[in-house]
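Protein chains in written order, with the numbering used here: chain A, 1295 to 1582; chain B, -5 to 181. These notes are about the structure you will find just below.
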């Protein structure tokens, strides 16, 4: 007992950067408990769905299809902009990355964390399935962003949901009806399942003399260079509330809520880049 | 104590913890119950002192192994030892107090789960606060989390202590092989 306590004391004060070798033991423990935790999570999701149920199946399918087309359209728009930039870059002789091709992989969430202070999710997909750290992102039905893969083991990976308290800020774009260019916002997770951030309102122009109005329910999509290309234009959530800004900047503040409770999903669709090296190199600077 | 049965029960409780923990959280916050804390309390109330301490250490060790934390440099870390030590101290508190408690009473399970949970969470917070002194790359301030951790312990005691008392008392206790003559008997 004394030896065991001494060992635990030693581990307890070891800085976390020296404990990466424990990832194998963590994965083993998670896999041992998965035969119960995975069905329990599925039951919990069935009892308390992460998104409101739509009773009319046909309507739900149409809404789903509409979301997918909208995401696709946004991605094409973004691709258009990227190609225009590419032409400019090629003309100026700069090196640019090719478009990232992705494949989709649907996998169950096998559990959360034993500590209530941590919001990380464990998904049953690892290196064997081609999941890569930094460049793979998790979504719900391929549209709603759940989070980026933070660590990958042989058979599991760890995802940090975008709504977790410790998540870094996310740069998003508010898509407004009838306005070609979206409004930029820098969102911070609040801790209650929403994200909050000030909106960059463009200066008045002859074409647009009054500031654009942010309508409730507007879609907010990811437009952040820190994130991998596989995640760009995915849905962060919908504008739930707009508050008047304070201070000198006086920028309006939006409160954005994802369309599902991302911490409670029982299954995610992973967007895995076919060429992870290229996808990773597209991340400029920090990490999501 | 029958260690084989204890291992199976531990496996089931960890499955419940990892599977249902998120759903039972209050709102989208970090206040959630712990099935493991209830199991540790139950064992500490009935098992011989040495077995109870070992069980607490193993449960804490396994809880640490299934816990990942965000690091400030963007990766994840695998903390080990904090929950194990916290649970050992929590179990020692129960062992010290159980002589004056009615071990089979539901209120005992509720109260002691909360009390031992407080001890465990205070130990975890103290360890992580100390680690910050030498610049450990843990992203969130441990003292900021203390309130949520203590509320989680209270939640574990009130909700799970009440819900799990019946199955623990009548399904698990008879097969756990606890000694009949214990200091937990009412005096």
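Note that the Cβ used here is the ideal one computed from N, Cα and C, for glycine as well.
Could you pull the DSSP bridge partners for residue i from this structure?
| i | result |
| --- | --- |
| residue 1398/A | 1565/A |
| residue 71/B | 63/B |
| residue 1494/A | 1478/A |
| residue 1483/A | 1489/A |
| residue 1516/A | 1466/A |
| residue 1504/A | DSSP lists no partner for residue 1504/A. |
| residue 1416/A | 1405/A and 1452/A |
| residue 1537/A | 1547/A |
| residue 1532/A | 1513/A and 1551/A |
| residue 1445/A | 1452/A |
What would DSSP say about residue i, mapped onto helix, strand or coil?
| i | result |
| --- | --- |
| residue 41/B | coil |
| residue 1455/A | strand |
| residue 1371/A | helix |
| residue 93/B | helix |
| residue 1431/A | strand |
| residue 1546/A | coil |
| residue 1436/A | coil |
| residue 142/B | helix |
| residue 1296/A | helix |
| residue 77/B | helix |
| residue 1424/A | coil |
| residue 1330/A | helix |
| residue 1450/A | coil |
| residue 1308/A | coil |
| residue 52/B | helix |
| residue 24/B | coil |
| residue 156/B | helix |
| residue 16/B | coil |
| residue 1339/A | helix |
| residue 1391/A | Bear in mind that the predicted position of residue 1391/A carries a pLDDT of just 46, short of 50, making it too unreliable to give a figure here. |
| residue 128/B | coil |
| residue 161/B | helix |
| residue 1522/A | coil |
| residue 1559/A | coil |
| residue 1378/A | helix |
| residue 1357/A | helix |
| residue 1320/A | helix |
| residue 174/B | coil |
Could you confirm whether any beta carbon from chain B is found closer than 7 Å to the beta carbon of residue i?
| i | result |
| --- | --- |
| residue 1436/A | no |
| residue 1305/A | yes |
| residue 1418/A | no |
| residue 1452/A | yes |
| residue 1557/A | yes |
| residue 1414/A | yes |
| residue 1374/A | no |
| residue 1362/A | no |
| residue 1443/A | no |
| residue 1313/A | yes |
| residue 1406/A | yes |
| residue 1388/A | Legend: pLDDT at residue 1388/A = 46, less than 50; position of this residue unreliable, value from coordinates given subsequently. For residue 1388/A, the answer is no, since every Cβ of chain B falls outside 7 Å of its Cβ. |
| residue 1411/A | yes |
| residue 1396/A | no |
| residue 1355/A | no |
Hey, is residue i's beta-carbon within less than 7 Å of any beta-carbon in chain A?
| i | result |
| --- | --- |
| residue 138/B | no |
| residue 155/B | no |
| residue 63/B | yes |
| residue 151/B | no |
| residue 113/B | no |
| residue 36/B | no |
| residue 57/B | yes |
| residue 70/B | yes |
| residue 146/B | yes |
| residue 13/B | yes |
| residue 9/B | yes |
| residue 26/B | yes |
| residue 119/B | no |
Can you round the beta-carbon distance between residue i and residue j to whole angstroms, since I take them to be within the 8 Å contact cut?
| i | j | result |
| --- | --- | --- |
| residue 1410/A | residue 146/B | 4 Å |
| residue 1440/A | residue 1520/A | Wrong, their Cβ atoms sit about 17 Å apart, outside the cutoff. |
| residue 1529/A | residue 1553/A | 7 Å |
| residue 1323/A | residue 56/B | 6 Å |
| residue 6/B | residue 1326/A | Their Cβ separation, rounded to whole angstroms, is 12 Å, which puts residue 6/B and residue 1326/A out of contact at 8 Å. |
| residue 1298/A | residue 51/B | 6 Å |
Give the residues of chain D in contact with residue i, contact being defined as C-beta atoms less than 7 Å apart.
| i | result |
| --- | --- |
| residue 6/B | Judged by its chain identifiers, the structure shown contains no chain D, and its protein chains are A and B. |
Query raised in the report: Taking a cut of 9 Å between CB atoms, which residues from the stretch 88 to 103 of chain B lie near chain A?
Result: So nothing in the stretch comes that close.
Query raised in the report: Using Cβ-Cβ distances below 8 Å, what residues of the stretch 73 to 84 of chain B are close to chain A?
Result: Only those residues of the stretch 73 to 84 of chain B whose C-beta falls short of 8 Å from the nearest C-beta of chain A are listed: 73, 74, 75, 76, 77, 78, 79 and 82.
Report task. Please name the residues in the stretch 1315 to 1338 of chain A whose beta-carbon is closer than 9 Å to at least one beta-carbon of chain B, in chain order. Result -> Within the stretch 1315 to 1338 of chain A, 1315, 1316, 1317, 1319, 1320, 1322, 1323, 1324, 1326, 1327, 1328, 1329, 1330, 1331, 1332, 1333, 1334, 1335, 1336, 1337 and 1338 place their CB atoms closer than 9 Å to a CB of chain B, listed in sequence order.
Query raised in the report: Using Cβ-Cβ distances below 7 Å, what residues of the stretch 1464 to 1494 of chain A are close to chain B?
Result: Of all residues in the stretch 1464 to 1494 of chain A, 1485, 1486 and 1487 have a Cβ within less than 7 Å of some Cβ in chain B.
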